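Peer 1: With the sequence shown counted from 1, adding 2 to any position gets you my numbering.
Even for Gly, the Cβ is constructed at its ideal location relative to N, Cα and C.
Here the structure is a predicted model, which means the values were calculated and not measured.
I am attaching a structure below and will ask some questions about it afterwards.
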Amino acid sequence: MNHSAADEQVVERLVPVWLEEAARHDARSAEEVREGWRRGALSGEAARELADWVTARVTDTGFNEDEGPAPDGPVRISVADKAAVHRWLAAQGHDV
């Protein structure tokens, strides 16, 4: 599956936010993933965690405050952003 430059920009915008959040829960593991990211590679486990994270953090759903989740994170993540991350991960050879 191919990804676009726009997909890569979404990933570059969201990965630092994901890593920052992950570091609050497990600093050592997050640093290992960060080092892999700097080298241009994510492990299969890290790729699955990123895919799950972006799916769970979709905040731009089109729902109003009474219908859906409130955007409480440091970035807005749309359904299109989630799809871009998943496409990028698949293009990197990850099964997401």
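From R89 to V98, what does the alpha carbon distance come to, in whole angstroms?
Peer 2: Working through the sequence shown from its first residue, we reach residue 89 at position 87. Working through the sequence shown from its first residue, we reach residue 98 at position 96. Straight-line Cα distance between these residues: approximately 9 Å.
Peer 1: Which of the three DSSP states, helix, strand or coil, is assigned to S31?
Peer 2: For the purposes of this step, residue 31 is taken as residue 29 along the sequence shown, with counting starting at 1. Helix.
Peer 1: Am I right that G38 and A48 are in contact with their C-beta atoms under 8 Å? What's the rounded C-beta distance?
Peer 2: Sequence index remark: in the sequence shown, residue 38 carries index 36 (1-based). Sequence index remark: in the sequence shown, residue 48 carries index 46 (1-based). Yes, G38 and A48 are in contact; Cβ-Cβ is about 7 Å, under 8 Å.
Peer 1: What number of angstroms, rounded off, separates the C-alpha of V87 from the C-alpha of D28?
Peer 2: By 1-based counting over the sequence shown, the position of residue 87 is 85. By 1-based counting over the sequence shown, the position of residue 28 is 26. Near 22 Å, if we compare the C-alpha coordinates of D28 and V87.
Peer 1: With H, G and I counted as helix, E and B as strand and the rest as coil, what does DSSP make of R41?
Peer 2: Along the sequence shown, one-based indexing puts residue 41 at 39. Three-state result, R41: coil.
Peer 1: Going by beta carbon distance, what residues of the same chain come within less than 6 Å of R36, once the five residues before and after it are set aside?
Peer 2: As a working mapping, residue 36 is identified with position 34 in the sequence shown. So the qualifying residues of the chain are L21.
Peer 1: Applying the criterion that 16 or more other CB atoms from any shown protein chain within 10 Å of the CB defines a buried residue, is V81 buried or exposed?
Peer 2: To locate residue 81, count along the sequence shown from 1; it is residue 79. Result: exposed.
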